[in-house]
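Colleague: Numbering (full-length UniProt numbering), first residue to last: 1 to 317. Glycine included, each C-beta is placed from N, C-alpha and C at the ideal position. Since the model is a prediction, treat every value here as computed from it, not as a measurement.
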Amino acid sequence: MSHCAIIGAGAAGLSAARTLRDAGIAVSLFDKGRRAGGRLASRTSDYGDFDHGAQFLRLRDVGLLEHARQWEQAAALSIWPEVGEAGKPTALIGTPTMNALAQHWASGLAVHCSHELQRIDGSPGRWTLQFADGVSSGPYTALIVTAPAPQALAWYGDTPMASALQRVEYAPCIALMWVPDSATLPALATLSPPAGSGIGFIAREDLKPGRGGVPRYQVHADADWSQQQIEQAPAVSGAELQRRAARLLGIGDGARYAQAHRWRYALVTQPIGQACLSDAARGWHYASDACLGGRVEAALLSGRAAAQAVIEAGAGR
Numbered sequence: 001m002s003h004c005a006i007i008g009a010g011a012a013g014l015s016a017a018r019t020l021r022d023a024g025i026a027v028s029l030f031d032k033g034r035r036a037g038g039r040l041a042s043r044t045s046d047y048g049d050f051d052h053g054a055q056f057l058r059l060r061d062v063g064l065l066e067h068a069r070q071w072e073q074a075a076a077l078s079i080w081p082e083v084g085e086a087g088k089p090t091a092l093i094g095t096p097t098m099n100a101l102a103q104h105w106a107s108g109l110a111v112h113c114s115h116e117l118q119r120i121d122g123s124p125g126r127w128t129l130q131f132a133d134g135v136s137s138g139p140y141t142a143l144i145v146t147a148p149a150p151q152a153l154a155w156y157g158d159t160p161m162a163s164a165l166q167r168v169e170y171a172p173c174i175a176l177m178w179v180p181d182s183a184t185l186p187a188l189a190t191l192s193p194p195a196g197s198g199i200g201f202i203a204r205e206d207l208k209p210g211r212g213g214v215p216r217y218q219v220h221a222d223a224d225w226s227q228q229q230i231e232q233a234p235a236v237s238g239a240e241l242q243r244r245a246a247r248l249l250g251i252g253d254g255a256r257y258a259q260a261h262r263w264r265y266a267l268v269t270q271p272i273g274q275a276c277l278s279d280a281a282r283g284w285h286y287a288s289d290a291c292l293g294g295r296v297e298a299a300l301l302s303g304r305a306a307a308q309a310v311i312e313a314g315a316g317r
């Protein structure tokens with residue numbers, strides 16, 4: 001019986017898993033994080049939730065748009081009208097958080113979190129995964145890795161996929177979750193700051209659809225400033241980002257709560273240019289936003305393509 005292991009339970013991994021499950025193929029997902037979702041990440045605080053990863057998604061693919069209607073009916077997705085732009089698809093957000101959308105995708109799947117892959121043993125058709133905590137899992141007939149390209153090279157470095165993975169380039173992002181101590185805050189739901197400010201995007205979390213709670217901001221630095229700051233301690237870069245955001249908003253830079261997060265592989269700037277990669281001889285595949293570009297939709301499409309490659313390989317046996 002076919003059984004596919006997927007490394008990484010972000011958008012690409014979950015998309016691949018759902019596609020395989022719908023085709024009747026057994027799937028096991030493994031992620032080193034504490035929850036599925038990858039960059040569809042949300043953090044809980046005493047002041048409310050923060051979407052400190054992907055802020056929203058835009059969908060163009062007909063199949064994904066059909067799924068989106070189902071997600072909306074399940075109350076896992078909402079339109080975010082304040083991010084509307086002429087000529088671009090509607091901005092969509094997970095409800096009540098971005099990670100809640102990922103949890104909806106993960107529903108009914110075998111997702112194993114806090115599992116960091118160390119190596120892959122075995123032979124075609126009988127692959128075993130060895131994890132950092134000494135646990136092993138297998139055998140599997142196929143593998144799909146969805147980690148960022150530099151991490152995937154640790155396992156795929158001696159495969160035909162390696163040269164394509166080595167060409168992928170990323171820009172980082174410093175993200176700040178911030179509850180100002182100012183009594184009055186601007187009523188802007190979002191703000192796209194001017195070039196040179198060091199900030200790429202600011203959102204009022206409490207003004208997003210279905211959110212509410214204490215007034216609070218999610219601040220994302222731009223790529224250039226993030227690249228300069230990526231090796232700084234998050235507390236240091238976060239404090240500077242907080243000061244910059246306060247100047248733009250015209251408020252004091254004090255905080256009731258502030259927490260920064262570093263996304264080293266936030267945005268793909270040089271993608272592979274094809275939907276997925278495959279080593280047919282081994283039954284190994286690669287999918288992520290590194291394949292088609294740095295957006296959630298690209299990751300979903302890549303995962304779907306890798307799953308289809310697994311399905312087609314099984315049909316050809």
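(1) Does the beta-carbon of residue 237 have 16 or more other beta-carbons within 10 angstroms, so that it is buried, or is it exposed?
(2) Where does the unbroken alpha helix (DSSP H) through residue 22 begin, and where does it stop?
(3) Given a cut-off of 8 Å on the beta-carbon distance, is the pair residue 288 and residue 146 in contact?
(4) Kindly indicate the opening and closing residues of the alpha helix (DSSP H) around residue 98.
(5) For the segment 195-203 against the segment 220-229, are there 3 or more C-beta pairs whose distance is under 8 Å?
(6) Quick one, are the C-beta atoms of residue 167 and residue 272 less than 8 Å apart?
(7) How about residue 219 and residue 178: are their beta carbons less than 8 Å apart?
(8) Which runs of the alpha helix (DSSP H), 4 residues or longer, sit entirely within the segment 23-104?
(9) Whose CA, out of 196, 92, 22, lies closest to the CA of residue 75?
(10) Which residue's Cα is closest to the Cα of residue 60: 301, 131, 172, 227?
(11) With residue 182 and residue 252 assumed to form a contact (beta carbons below 8 Å), what rounded beta-carbon distance in angstroms separates them?
(12) Taking the alpha-carbon of residue 191 as reference, which of 151, 248, 267 has the nearest alpha-carbon?
(13) Nearest-angstrom Cα distance between residue 259 and residue 173?
(14) Can you list, in chain order, the residues of its chain whose CB lies under 6 Å from that of residue 18, leaving out five sequence neighbours each side?
(15) Any C-beta of chain B sitting closer than 8 Å to the C-beta of residue 188?
(16) Give me, in chain order, the residues of the same chain whose beta-carbon lies closer than 7 Å to that of residue 274; leave out the 5 immediate sequence neighbours on both sides.
(17) Would you mind sorting residue 188 into buried or exposed? The rule is 16 or more other CB atoms within 10 Å of its CB.
(18) Between the C-alpha atoms of residue 285 and residue 194, what's the straight-line distance to the nearest angstrom?
(19) Between which two residues does the beta strand (DSSP E) containing residue 117 stretch?
(20) Hey, residue 5 and residue 109 are a contact pair by Cβ (cut 8 Å); roughly how many whole angstroms apart?
(21) How many Å lie between residue 79 and residue 137 at the Cα?
(22) Would you give the residue range spanned by the alpha helix (DSSP H) that residue 226 belongs to?
(23) Here's a check: name, in chain order, each residue in its chain whose Cβ is nearer than 6 Å to the Cβ of residue 132, leaving out the five neighbours to either side.
(24) Return yes when the Cβ of residue 296 is within less than 8 Å of the Cβ of residue 57, no when it is not.
(25) By DSSP, does residue 173 sit in helix, in strand, or in coil?
(26) Under the rule that 16 or more other beta-carbon atoms within 10 Å means buried, what is residue 88, buried or exposed?
(27) Let me confirm a value: residue 123 is counted as buried when at least 16 other C-beta atoms fall within 10 Å, else exposed. Which label applies?
(28) Assign residue 301 to one of three DSSP states: helix, strand, or coil.
(29) Is residue 313 near residue 16, with beta carbons less than 8 Å apart?
(30) Grouping DSSP H, G and I as helix and E and B as strand, with all else coil, what is residue 139?
(31) To the nearest angstrom, how far is the alpha carbon of residue 127 from that of residue 141?
(32) Less than 8 Å between the CB atoms is what I'm expecting for residue 95 and residue 77, so what's the real figure, rounded?
(33) Using DSSP with H/G/I as helix, E/B as strand and the rest coil, what is residue 113?
Modeller: Looking at the atomic coordinates:
(1) buried
(2) 11-22
(3) yes
(4) 98-106
(5) The segment 195-203 is in contact with the segment 220-229.
(6) yes
(7) yes
(8) 62-73
(9) 92
(10) 301
(11) At roughly 5 Å, the Cβ-Cβ gap stays under 8 Å, so residue 182 and residue 252 are in contact.
(12) Ranking 151, 248, 267 by Cα distance to residue 191 puts 248 first.
(13) C-alpha separation (whole angstroms): 14 Å.
(14) Spatial neighbours of residue 18 in its own chain (CB-CB distance under 6 Å, excluding positions within 5 residues in sequence) are not present.
(15) In the structure shown, chain B does not exist; there is a single protein chain.
(16) 291
(17) exposed
(18) A straight-line Cα-Cα distance of about 40 Å links residue 285 and residue 194.
(19) 117-123
(20) With 8 Å as the limit, residue 5 and residue 109 do not qualify as a contact, their Cβ atoms being about 12 Å apart.
(21) 40 Å
(22) 223-229
(23) 116, 118
(24) If you check the CB distance, residue 57 and residue 296 come in under 8 Å.
(25) When DSSP states are grouped into helix, strand and coil, residue 173 belongs to the strand group.
(26) Residue 88 is exposed by the Cβ-count criterion.
(27) exposed
(28) In the structure shown, residue 301 sits in a helix (DSSP, three-state: H, G or I).
(29) no
(30) strand
(31) 6 Å
(32) 6 Å
(33) coil
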